[in-house]
Amino acid sequence: MEYDMNLVDTHAHLDLLEEDVGGALERARLAGVTRVVTIGISVESSRRAVQLANLFPDVLAVVGLHPHDASDLDAEALRTLRRLAADPRVVGIGETGLDFYRNLSPRDDQERTFRSLLDLAAELSLPVVVHDREAHADTLRILEEYAPFDGRLIMHCFSGDLNMARAVLDMGGYVSVAGPVTFHNARRLQDVVRELPLDKLLIETDCPFLSPHPHRGKPNSPERLPLIAKKVAELKGVELDRLLLPDPFRRPA
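Numbering (our numbering), first residue to last: 1 to 253.
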């Protein structure tokens, strides 16, 4: 079934899908998703993101290093990311940030890489896509050193409270919500969505992870973005076809 919507999946990992990317994008288009931003999590993943963005006209790329892989950032990796970021289909740097839940890279390495990629984003005047898990205070502390962002900060898969969300907005950033906003026990996140202005909210699938209800626990894909949009519209008290969300990513010329 085809829907008349104009939704942007601001955070996906198309290179990690176990299905054909072209087929997944066609189903997403029929569901009303007009554009997908595919996010790099390593140097190789960032290369694949750029390749996909050049292969499919409705895909844009963001290049970076996930905090799990923060220890991999050396001078050569940074040069490669800078070179990839010069591609006109690249619209941001990330994902980067802090993940103190798993600590797959030492915390010092995570902070070092986070700062390096924030520096790169500032140098290139590109938005930065930030991952924050169990590291709210440290993430904000570092971000405040780089503020204001003037619309070039996206807090991916937001998991903080309302005070943190307001701090992100005060720095000139956006809050992005994924499938967990549809979960029955996500009251704190749902309260954040209710309170924030629509022009500061983004939606994402983070596919193939974090499928929204009623598909929780199954592989995710961009075609499920309307389920997240529907929940946000419900929380904001607007009709789905009137859900107008911002787009922080510039389009290639």
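Glycine residues also receive a C-beta, built at the ideal position from the N, C-alpha and C atoms.
Asked                                                                                                                                                                                    : Found
For Gly-64, which residues from the same chain have a beta carbon less than 6 Å from its beta carbon, with the 5 sequence-adjacent residues on both sides left out?                      : Gly-40, Ile-93, Gly-94, Glu-95, Thr-96 and Leu-117
In the DSSP assignment, find the beta strand (DSSP E) that holds Asp-99 and state where it starts and stops.                                                                             : 90-99
Can you give the beta carbon distance from Glu-195 to Leu-162, rounded, assuming they're within the 8 Å contact cut?                                                                     : 6 Å
Return the bridge partner residues of Tyr-174 from the DSSP annotation.                                                                                                                  : Ile-154
Please work out which residues of its chain come closer than 6 Å, Cβ to Cβ, to Ala-178, disregarding the five sequence neighbours upstream and downstream, and give them in chain order. : Cys-157, Glu-204, Asp-206 and Leu-210
Rounding to the nearest angstrom, what Cα-Cα distance links Leu-78 and Ala-167 in this structure?                                                                                        : 29 Å
Roughly how many angstroms lie between the CA atoms of Ala-61 and His-13, to the nearest whole one?                                                                                      : 10 Å
Could you compute how far the alpha carbon of Asp-58 sits from the alpha carbon of Leu-140?                                                                                              : 32 Å
List the whole-angstrom C-beta distance separating Pro-127 from Leu-153, where the pair is believed to meet the contact cut-off of C-beta under 8 Å.                                     : 7 Å
Per DSSP, what are the beta-bridge partners of His-131 in this structure?                                                                                                                : Gly-97
Could you spell out where the alpha helix (DSSP H) holding Val-21 opens and where it closes?                                                                                             : 21-30
Give a yes or no on whether the C-beta atoms belonging to Val-175 and Lys-231 are separated by under 8 Å.                                                                                : no
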